[in-house]
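In this note's numbering, the protein residues as written are 9 to 604.
Backbone N, C-alpha and C fix where the C-beta goes; we use that ideal spot for every residue, glycine too.
Just so we're clear, the structure is a prediction, and the values are computed from it rather than from any experiment.
Before any comments, here is the structure.
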């Protein structure tokens with residue numbers, strides 16, 4: 009049976025009225041499996057705060073599983089900040105962070121399955137930062153990457169309408185003085201083009217509008233747009249809409265490609281949308297969906313001014329070819345290929361600190377061709393991990409061997425969190441000679457024995473990626489009593505992100521690393537974990553796959569019940585405190601250090 013879903017426009021904190029209507033509709037046409045709210049969820053005035061808090065604080069029950077994207081309004085920052093810190097909301101929860109029983113916040117952007125339906129969403133409104141209620145460029149890029157995955161999205165949720173979906177003649181009830189552009193977003197139009205959902209649901213305009221189905225480029229199915237009004241609006245516009253779509257996964261190709269009567273062509277003109285956006289003075293920063301990179305004096309391809317094609321810059325190709333509305337700029341692509349930090353290109357600065365292994369200066373031809381034999385020497389001057397670099401944090405180093413050194417990371421997950429780092433500027437630890445591999449094995453065994461003496465087991469993990477210029481193998485101790493949970497918690501986290509970890513078990517850890525070396529493909533990437541019982545978990549990164557750089561750390565933070573330490577930036581301490589931790593670990597490790 010197809011799931012039965014209720015869709016709602018901006019609740020604006022009027023939860024009593026909303027849920028009274030939901031219960032009334034459920035009696036006559038229900039039951040329903042879930043309620044999805046788009047547009048502003050929180051109150052816009054303090055007068056409704058008591059009513060709203062009755063639900064959030066549990067005095068009144070939310071009667072149906074409810075999901076919302078409009079994370080702005082009165083008291084939103086306080087409630088959502090508390091929600092983010094809950095232990096049960098740590099890790100990868102694209103299916104919603106639980107605010108209270110039956111109420112879930114769809115944060116940022118994501119994709120999940122709801123009663124068989126594939127649901128993608130972009131939460132908040134357009135902005136150049138990532139404060140509550142405002143989506144960031146990272147959210148857009150992540151959604152763009154999710155759109156590359158196979159399978160059709162059944163429901164796409166946004167707060168604002170896509171620019172160009174209609175005109176005033178089509179929606180005569182749009183209030184006077186409210187233009188389509190004032191409550192619409194050209195970014196949403198661009199994402200709809202890439203996501204190609206079967207249904208696109210939006211709020212914020214203040215009216216109900218069900219558009220005729222329209223065709224998608226390079227896809228056989230059609231898209232239906234539904235705009236919903238605000239709860240309790242004075243014009244009595246429809247704010248609640250029932251939907252019972254058959255999940256795409258159960259449909260035949262003929263059913264999926266059926267064209268209903270009055271199906272129209274694709275309605276969006278991205279060039280006009282971009283031009284309209286440029287007329288709005290406050291959108292100069294957020295209008296750029298692609299790389300923020302100065303190309304005004306460089307070769308241009310396309311019609312979008314200074315906007316660059318994300319796919320072309322990232323991969324060197326774009327499936328839209330000459331039909332792409334954005335620039336295919338060779339120089340921006342070259343900067344990306346040369347390993348320039350993407351945060352630096354996008355945001356103009358890098359906030360990752362020493363854990364970022366990318367380059368932090370734009371690269372020109374002279375810096376590469378002038379002294380071809382000194383490439384590693386040039387890299388070492390800008391690399392966080394090269395011992396000859398002025399950027400290296402030497403007070404964190406706890407052991408130095410012939411080919412490797414060990415150091416505490418900045419913002420360590422736990423006190424004895426260690427990085428094993430090759431002294432040579434190598435991209436990963438799977439390209440080592442047998443002699444160097446032997447030293448790595450000695451360091452691993454030394455750390456295993458050191459942790460074991462304290463009742464812990466060692467977990468090793470590494471992200472092998474084209475974007476990692478200097479390898480670092482991370483080592484985290486976990487209590488031996490919890491080690492048995494490791495395979496399941498890693499696999500569960502991977503499934504929530506939409507991929508599976510390959511599991512292999514070896515009686516000898518050296519056999520596990522030999523397996524990884526055979527699996528490693530220099531043209532692709534790899535994430536792997538070496539567990540205490542000899543199990544190796546791995547995932548090969550496909551070309552252009554966006555993989556979370558802190559995946560291993562975040563999973564272990566959940567296992568160790570320290571979710572607030574999942575982000576290393578929350579764990580910064582003074583240099584004096586770092587130096588003391590390093591000295592303390594040196595004393596603990598001295599007995600087991602293979603280089604002593």
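Item checked: Collapsed DSSP secondary structure at residue 439 in the structure displayed -> Residue state, collapsed to three classes: coil.
Note to self: Taking a contact to mean a Cβ-Cβ separation below 8 angstroms, would you say residue 554 touches residue 469 in this structure?
What the structure shows: No. Outside cutoff.
Check: Measuring CB to CB, does residue 532 end up less than 8 angstroms from residue 548?
Finding: Going by C-beta atoms, residue 532 is nearer than 8 angstroms to residue 548.
Checklist line | Option in 115, 29, 435 with minimal Cα separation from residue 98 | finding: Nearest option by C-alpha distance: 115.
Next item on the list: Can you say whether residue 102 is buried or exposed, counting buried as having 16 or more other CB atoms within 10 angstroms of its CB?
Entry: Residue environment for residue 102: buried (at least 16 other C-beta atoms within 10 angstroms of its C-beta).
Next item on the list: Return the residue from the list 125, 121, 117, 62 that minimises the CA-CA distance to residue 131.
Entry: Distance from the Cα of residue 131 is smallest, within the candidate group 125, 121, 117, 62, for 117.
Checklist line | Close beta carbons around residue 579, own chain, < 6 angstroms, minus the five adjacent residues each side | finding: Result list for residue 579: 419, 573, in chain order.
Next item on the list: Starting from the C-beta of residue 186, find all residues in its chain whose C-beta is less than 8 angstroms away, skip the five residues before and the five after it, and write them out in chain order.
Entry: Confidence at residue 186 is low in this model, with a pLDDT of 43, below 50, so the placement of that residue is unreliable and no value is reported for it.
Checklist line | Residue burial classification, residue 522 (beta-carbon count within 10 angstroms, cutoff 16) | finding: Residue burial is scored here from C-beta neighbours: residue 522 has fewer than 16 other C-beta atoms within 10 angstroms and is therefore classed as exposed.
Next item on the list: Tell me whether the beta-carbon of residue 413 lies closer than 8 angstroms to the beta-carbon of residue 426.
Entry: No; because the gap between Cβ atoms is not below 8 angstroms, this pair is not in contact.
Item checked: Residue interval of the alpha helix (DSSP H) (run including residue 149) -> Its alpha helix (DSSP H) spans residues 145-155.
Next item on the list: Confirm, please, whether the CB-CB distance from residue 74 to residue 110 is below 8 angstroms.
Entry: In this structure, residue 74 lies closer than 8 angstroms to residue 110 by Cβ.
Margin query: For residue 564, which residues in the same chain have their Cβ closer than 8 angstroms to its Cβ, ignoring the five residues on either side in sequence?
Written below: If the five residues before and after residue 564 are omitted, its C-beta is found closer than 8 angstroms to the C-beta atoms of 421, 467, 484, 486, all from its own chain and listed in chain order.
Check: Just the Cα atoms here: how many angstroms apart are residue 168 and residue 238?
Finding: Between the alpha carbons of residue 168 and residue 238 lies a distance of about 12 angstroms.
Check: Around the Cβ of residue 510, are there at least 16 other Cβ atoms within 10 angstroms (buried) or fewer (exposed)?
Finding: Exposed.
Item checked: C-alpha gap between residue 594 and residue 407, whole angstroms -> Going from the Cα of residue 594 to the Cα of residue 407 covers about 7 angstroms.
Note to self: For a minimum of 3 consecutive residues, which ranges assigned as the beta strand (DSSP E) are wholly contained in the stretch 204-266?
What the structure shows: Fully enclosed beta strand (DSSP E) runs of 3 or longer: 207-210, 230-235, 248-251.
Next item on the list: Tell me whether residue 464 sits in a helix, a strand or coil according to DSSP, three-state version.
Entry: Note: residue 464 maps to strand in three-state DSSP.
Item checked: Inter-residue Cα distance where the pair is residue 299 and residue 337 -> Interpretation of residue 299 is limited by its pLDDT of 30, a score under 50 that renders its predicted location unreliable; the figure taken from the coordinates is listed afterwards. Taking the straight line from one Cα to the other gives about 10 angstroms.
Margin query: Can you find the residues in the same chain that come closer than 7 angstroms, C-beta to C-beta, to residue 262, ignoring five residues on each side of it along the sequence?
Written below: Cβ within range, chain order: n/a, list empty.
Next item on the list: Determine the contact status of residue 21 and residue 46, defining contact as a CB-CB distance below 8 angstroms.
Entry: Using a Cβ distance threshold of 8 angstroms, residue 21 and residue 46 do not count as a contacting pair.
Item checked: Buried versus exposed call for residue 461 [16 or more other C-beta atoms within 10 Å across all chains shown] -> Classification for residue 461: exposed.
Checklist line | Inter-residue Cα distance where the pair is residue 113 and residue 105 | finding: So the two alpha carbons sit approximately 5 angstroms from each other.
Check: Skipping 5 residues on each side, what residues in its chain have a beta carbon closer than 6 angstroms to that of residue 245?
Finding: Closer than 6 angstroms at Cβ, skipping near neighbours: 215, 216, 237.
Check: Helix, strand or coil: which one does DSSP assign to residue 192?
Finding: Residue 192 carries a strand assignment under DSSP once its states are collapsed to helix, strand and coil.
Item checked: Chain-order list of residues whose beta-carbon lies under 7 angstroms from that of residue 54 (same chain, five-residue window excluded) -> Once the five neighbours on either side are set aside, the close Cβ partners of residue 54 are 82.
Next item on the list: Using three-state DSSP, classify residue 31 as helix, strand or coil.
Entry: In the structure shown, the three-state DSSP call for residue 31 is helix.
Notebook entry, point to check: Are the beta-carbon atoms of residue 417 and residue 576 separated by less than 8 angstroms?
Noted result: In this structure, residue 417 places its C-beta atom within 8 angstroms of the C-beta atom of residue 576.
Next item on the list: Please state if the CB of residue 535 and the CB of residue 494 are separated by a distance shorter than 8 angstroms.
Entry: The answer is no: Cβ separation not under 8 angstroms.
Next item on the list: Could you round the C-beta distance between residue 140 and residue 84 to whole angstroms and report it? I think they count as a contact, below 8 angstroms.
Entry: Cβ atoms of residue 140 and residue 84 come within 8 angstroms of each other, at about 6 angstroms.
Notebook entry, point to check: residue 608 and residue 87: beta carbons closer than 8 angstroms?
Noted result: Residue 608 lies beyond the residue range present for the chain, which begins at 9 and ends at 604; the question has no answer from this structure.
Checklist line | Opening and closing residue of the beta strand (DSSP E) in which residue 664 lies | finding: Given a span of 9 to 604 for the chain in the structure shown, any question on residue 664 remains unanswerable.
Next item on the list: Note down the Cα distance separating residue 5 from residue 93, rounded to an integer number of angstroms.
Entry: With the chain represented from 9 up to 604, any question about residue 5 goes unanswered, as that position is not in the structure.
Next item on the list: Count the other C-beta atoms from every protein chain shown that fall within 10 angstroms of the C-beta of residue 598, then say buried if there are 16 or more, exposed otherwise.
Entry: Exposed is the call here.
Checklist line | Touch test, the stretch 147-162 against the stretch 190-203, Cβ-Cβ under 8 angstroms, three pairs minimum | finding: Of all C-beta pairs linking the stretch 147-162 to the stretch 190-203, three or more are shorter than 8 angstroms, placing the two stretches in contact.
Note to self: Let me check understanding here. Comparing Cα to Cα, which of 15, 423, 31, 492 lies closest to residue 49?
What the structure shows: Minimum Cα distance to residue 49 is reached at 15.
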